[in-house]
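With full-length UniProt numbering applied, the sequence shown covers 1 to 564.
Each residue gets a CB set at the ideal place from its N, CA and C atoms; glycine is no exception.
The structure displayed is predicted, hence computed values, not measured ones.
Written below as structure tokens is the structure these notes are about.
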Amino acid sequence: MADRALPQEEPDSSPDSASDGDSEPGVLASAASEPLKGVPEIGESWSRWYDYPYRLIESALVRRRWWRRLPRAARTAAVNAENWLRIFNELDHEKARDSVGSWDEFAMPDGERIEVPAMWVVEIYSPTYAVRLDSLLRAKPWQRRVGLDPPGEGLDAILNTIREDGGESWAPLGTFVPSDSRGFGDPWTKRESLPEGFSSIDLHIGSLSPSLTVVAARFRLSQKAAMALDREIRLDHKPRIIREGRRLHLYQTLFQAINEVQGEREALHDSARGWLANKLPGVFATEGAKRLPLLDLLLTDQFDPLISDPSGSERHYLRSLGLDSPGWWQVALPEFPGILLDTYHPERLRSADRSLFSLQRNRLRDLRREDANGDVADDARGWVIARDVSDGAMRLLTRIAIGELLRLKARNVSHSRDLALRIHNGRRPARSIKRLRTSLLTNSLDIATSAAEVSRFASNTRKFEFCVPTLEFQAGPRNSGSKPLAADERDQLASMAKAIVDEATALAEADRSLNGLLGVVLSLTSTLSSMRSQRWSVFLSVASVAAAVSAAWLAFAALETARR
């Protein structure tokens, strides 16, 4: 599955953007906003607060004949100060430009509707987390159906069954609904305080191998939360100046709108990830900073990701949703017509998160039979689509999560190698050695037992593709006339399995190499310590002999003195 290319970022106007103090006075390294009628340039009036310090710098320093004779540091500080003030002038220009309209107007076309009805989150439990998972599942709130489970269907039987099947069977853990939820649910439905925006959370447990257990959560969003992105896009967004460290960045209206829409989506993602990470923490929650693999369902009414080729101003609101990249190639799910799979890479102020994925579909495409008969309300149509794809989405995300797990463990191996190097160069290695020991034990135990099993699981086509929707690499709307791809090139699920096998093999080899290297280092360290101990032993022996001779001589001298 090919990553989408991130759009080019707008050059930022920051005080550190000046290259050096020899720059022409008042010239910014980044492109300034075009002057607009009624908005004077900085220093051309006395009506704004930033005109005063700017004019002072110009008259007292920049326009003096001895400007070039000032120290380089002084000139750099003056130019940076002017650039810092110019950002506020650019903000006024941007506000004026918004009042008359511009090419980068951020708006949706008539009839468009954005909805995120559901999302799925996966957590994996390697051998070092298995004991904790079992203890959490046996806690009272996690009893599935107290008194209702038939013989042989208790928690122990379920865990044993899914671990023996290795990826073929899943079992429900329960459903969580808000405390104030109305109506009657299943006997195993649990009521508790849920994060705002979720109307229900369904948990399932499965296994990828005897040593890897998986918990998948399906989050159903309330109607208000499902339409959060739609509401955010329709707001009147204003340009802003944002501080990052000592630097100021002007976010024009377009980029501020993108930032706020993506921030709303990130809040939903963080709530879902945080709930599962706090409820049943595993590898991603503990070692991956709670960046659990997540897949959401994004529905649109006008834009169709399968056939639409956005252009012009339409691309601006789609950019905030991650739908604006040219449709040269796509990853489709033939079992679910009209749905595409893509990675979601938030830009600008959002953190670099590579564990976010999205299913995209036109909400009105190929309506279901009962929908066409009028049995499904318009507001419930999104949830109907989410319910239909739920099982396939959950299993697909678990396969994606395997690759994320291997990459996380590879980063941990690199971290252990760097930590060992710091210990080698450090003067007080005791604390670092403890951290290295913990890191090595956790990582090596997981890799030693899981890497081979993951490789076997991915190599077994029947198990790896069991009930997982097909991923077909196909030409997009901009590439419709291209030559058809071969079958092996279209099958992205097979490519994913092959990549997992290669990564698991490389990870196991890297771990063995690191452990072997550290073993050699430990052996050499032990030899060196032994040599040092021998040297101290010889020194102490010589010192002991000298002390004994000295004592004998003193005793003899005392005896001679007594005889006299």
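Which value, in whole angstroms, describes the spacing of the CA atoms of L507 and I57?
-> As a working mapping, residue 507 is identified with position 507 in the sequence shown. As a working mapping, residue 57 is identified with position 57 in the sequence shown. L507 and I57: Cα-Cα distance of roughly 58 angstroms.
To the nearest angstrom, how far is it from the Cα of P334 to the Cα of R234?
-> Residue 334 sits at position 334 when you count from the first residue of the sequence shown. Residue 234 sits at position 234 when you count from the first residue of the sequence shown. Inter-residue distance for P334 and R234 is about 33 angstroms (C-alpha atoms, whole angstroms).
Classification of A547 by the beta-carbon crowding that lies within 10 angstroms, buried from 16 upward | Residue mapping note: residue 547 aligns to position 547 of the sequence shown, counting from 1. By the neighbour-count rule (16 or more Cβ atoms within 10 Å), A547 is not buried but exposed.
Whole-angstrom Cβ separation of T213 and A130, contact assumed at under 8 angstroms?
-> Here residue 213 refers to the residue found at position 213 when the sequence shown is read from its first residue. Here residue 130 refers to the residue found at position 130 when the sequence shown is read from its first residue. Taking 8 angstroms as the upper bound for CB-CB distance, T213 and A130 are in contact here, some 7 angstroms apart.
Which same chain residues, not among the five before or five after S179, have their C-beta less than 7 angstroms away from its C-beta?
-> Residue mapping note: residue 179 aligns to position 179 of the sequence shown, counting from 1. Around S179, the same chain offers R191, E192, S193 as residues with beta carbons nearer than 7 angstroms, after the five sequence neighbours per side are excluded.
For I162, I'd like the list of residues in its chain whose CB is within less than 8 angstroms of its CB, leaving aside the five on either flank, ordered along the chain.
-> Counting from one through the sequence shown, the residue named residue 162 turns up at place 162. Result list for I162: S169, W170, A171, I205, G206, S207, T213, in chain order.
Give the straight-line distance between the Cα atoms of A386 and L493, rounded to the nearest whole angstrom.
-> Locating residue 386 in the sequence shown gives position 386, counting from the first residue. Locating residue 493 in the sequence shown gives position 493, counting from the first residue. Spanning the two alpha carbons is a distance of roughly 21 angstroms.
Presumed contact (8 angstroms Cβ cut-off) between E287 and A228, rounded CB distance = What you label residue 287 is simply residue 287 of the sequence shown in a count that begins at 1. What you label residue 228 is simply residue 228 of the sequence shown in a count that begins at 1. In fact, because the Cβ distance is near 30 angstroms, the residues do not count as touching under 8 angstroms.
In three-state terms, what does DSSP make of L70?
-> As a first step, residue 70 must be located in the sequence shown, where it is residue number 70. The answer is coil: DSSP assigns L70 none of H, G, I, E or B.
Reduced DSSP secondary structure (H/G/I, E/B, other) of T470 = By 1-based counting over the sequence shown, the position of residue 470 is 470. Coil.
Anticipated Cβ contact below 8 angstroms, G382 with L299, distance rounded | Residue 382 sits at position 382 when you count from the first residue of the sequence shown. Residue 299 sits at position 299 when you count from the first residue of the sequence shown. Rounded to whole angstroms, the Cβ separation of G382 and L299 is 5 angstroms, and the two are in contact under 8 angstroms.
With distances taken between CB atoms, is the gap from R273 to L292 smaller than 8 angstroms?
-> Your numbering for residue 273 matches position 273 in the sequence shown. Your numbering for residue 292 matches position 292 in the sequence shown. Inclusion of R273 and L292 in the CB contact set at 8 angstroms is warranted, their separation being smaller than that value.
N460, DSSP secondary structure in three states = Position 460 of the sequence shown, counting from 1, holds the residue named residue 460. If DSSP states are grouped into helix, strand and coil, N460 belongs with coil.
Using the C-alpha atoms, what's the distance from L85 back to L406?
-> Along the sequence shown, read from residue 1 onward, the residue named residue 406 stands at position 406. Along the sequence shown, read from residue 1 onward, the residue named residue 85 stands at position 85. Those two C-alpha atoms are separated by around 48 angstroms.
Report yes if the CB atom of L268 is closer than 8 angstroms to the CB atom of G197, and no otherwise.
-> Sequence index remark: in the sequence shown, residue 268 carries index 268 (1-based). Sequence index remark: in the sequence shown, residue 197 carries index 197 (1-based). In this structure, G197 lies closer than 8 angstroms to L268 by Cβ.
On the three-state DSSP scale, how would you describe F556?
-> Taking the sequence shown and counting its residues from 1, the one referred to as residue 556 is at position 556. In the structure shown, F556 adopts helical secondary structure according to DSSP, grouped into three states.
With respect to 7 angstroms, is the separation between the Cβ of R315 and the closest non-hydrogen atom of the ligand GDP below this value?
-> This structure does not include the ligand GDP; it has no bound ligands of any sort.
Compute the beta-carbon to beta-carbon distance between E94 and P305, rounded to the nearest angstrom, for a pair I have assumed lies under 8 angstroms.
-> Working through the sequence shown from its first residue, we reach residue 94 at position 94. Working through the sequence shown from its first residue, we reach residue 305 at position 305. Contact between E94 and P305 does not hold, since the beta-carbon distance rounds to 31 angstroms and is not under 8 angstroms.
I think A451 touches A486, with their Cβ atoms under 8 angstroms apart; what is that distance to the nearest whole Å?
-> In the sequence shown, residue 451 corresponds to position 451, counting from 1. In the sequence shown, residue 486 corresponds to position 486, counting from 1. Contact doesn't hold; Cβ gap of about 31 angstroms is too wide.
The alpha helix (DSSP H) enclosing H316, as first and last residue numbers | On the sequence shown, position 316 is the one that residue 316 refers to. Per DSSP, H316 belongs to the alpha helix (DSSP H) from 314 to 319.
State the start and end residues of the unbroken alpha helix (DSSP H) segment that holds F357.
-> The sequence position of residue 357 within the sequence shown is 357, counting from 1. Looking at the DSSP string, F357 is not in any alpha helix (DSSP H); the run it does join, the beta strand (DSSP E), is 356 to 362.
Measuring alpha carbon to alpha carbon, tell me which of V116, L440, R399 ends up nearest D418.
-> Sequence index remark: in the sequence shown, residue 418 carries index 418 (1-based). When only C-alpha atoms are compared, the closest one is L440.
DSSP on A475, reduced to helix/strand/coil?
-> Sequence index remark: in the sequence shown, residue 475 carries index 475 (1-based). In this structure, A475 counts as strand in the three-state DSSP scheme.
Option nearest V177 by Cα separation, candidates D202, A332, V413, R395 = For the purposes of this step, residue 177 is identified with residue 177 of the sequence shown, where counting begins at 1. Nearest Cα to V177 within the set D202, A332, V413, R395: D202.
Could you tell me whether the segment 73 to 85 touches the segment 44 to 58, using the rule of 3 or more Cβ pairs below 8 angstroms?
-> Short answer: they touch.
Could you check what DSSP says for G288 in three-state terms: helix, strand or coil?
-> Sequence index remark: in the sequence shown, residue 288 carries index 288 (1-based). In the structure shown, G288 sits in coil (DSSP, three-state: anything other than H, G, I, E or B).
Could you tell me how far apart the beta carbons of M496 and W120 are, in whole angstroms, since I believe they sit closer than 8 angstroms?
-> Along the sequence shown, one-based indexing puts residue 496 at 496. Along the sequence shown, one-based indexing puts residue 120 at 120. The C-beta distance from M496 to W120 rounds to 17 angstroms, too long to fall under 8 angstroms, and the pair is not in contact.
Mind checking which residues open and close the beta strand (DSSP E) that includes P178?
-> Taking the sequence shown and counting its residues from 1, one reaches residue 178 at position 178. Where P178 is concerned, the enclosing beta strand (DSSP E) stretches over 170 to 178.
Is DSSP giving S199 helix, strand or coil here?
-> One-based indexing of the sequence shown puts residue 199 at position 199. Shown here, S199 sits in a strand according to DSSP, grouped into three states.
Rounded to a whole number of angstroms, what is the C-alpha to C-alpha distance between E90 and T343?
-> Indexing the sequence shown from 1 puts residue 90 at position 90. Indexing the sequence shown from 1 puts residue 343 at position 343. Cα to Cα, the separation comes out at about 34 angstroms.
Buried or exposed by the 16-neighbour rule on C-beta atoms within 10 Å, applied to Q360 | Residue numbering aside, residue 360 sits at position 360 when the sequence shown is read from its first letter. So Q360 counts as buried.
Are the Cβ atoms of V331 and G392 separated by less than 8 angstroms?
-> By 1-based counting over the sequence shown, the position of residue 331 is 331. By 1-based counting over the sequence shown, the position of residue 392 is 392. No, these two residues do not count as a Cβ contact at 8 angstroms.
Nearest-angstrom Cα distance between S200 and F219?
-> Locating residue 200 in the sequence shown gives position 200, counting from the first residue. Locating residue 219 in the sequence shown gives position 219, counting from the first residue. Spanning the two alpha carbons is a distance of roughly 6 angstroms.
Could you tell me the boundaries of the beta strand (DSSP E) in which residue 565 lies?
-> Absent from the model: residue 565. The displayed extent of the chain is 1 to 564, so no value can be given.
Euclidean distance between Cα positions of K290 and A81 = Locating residue 290 in the sequence shown gives position 290, counting from the first residue. Locating residue 81 in the sequence shown gives position 81, counting from the first residue. Distance between the alpha carbons of K290 and A81: 40 angstroms.
Cβ of G38 within 8 angstroms of Cβ of A96?
-> As a working mapping, residue 38 is identified with position 38 in the sequence shown. As a working mapping, residue 96 is identified with position 96 in the sequence shown. A96 sits close to G38, with the two beta carbons spaced by under 8 angstroms.
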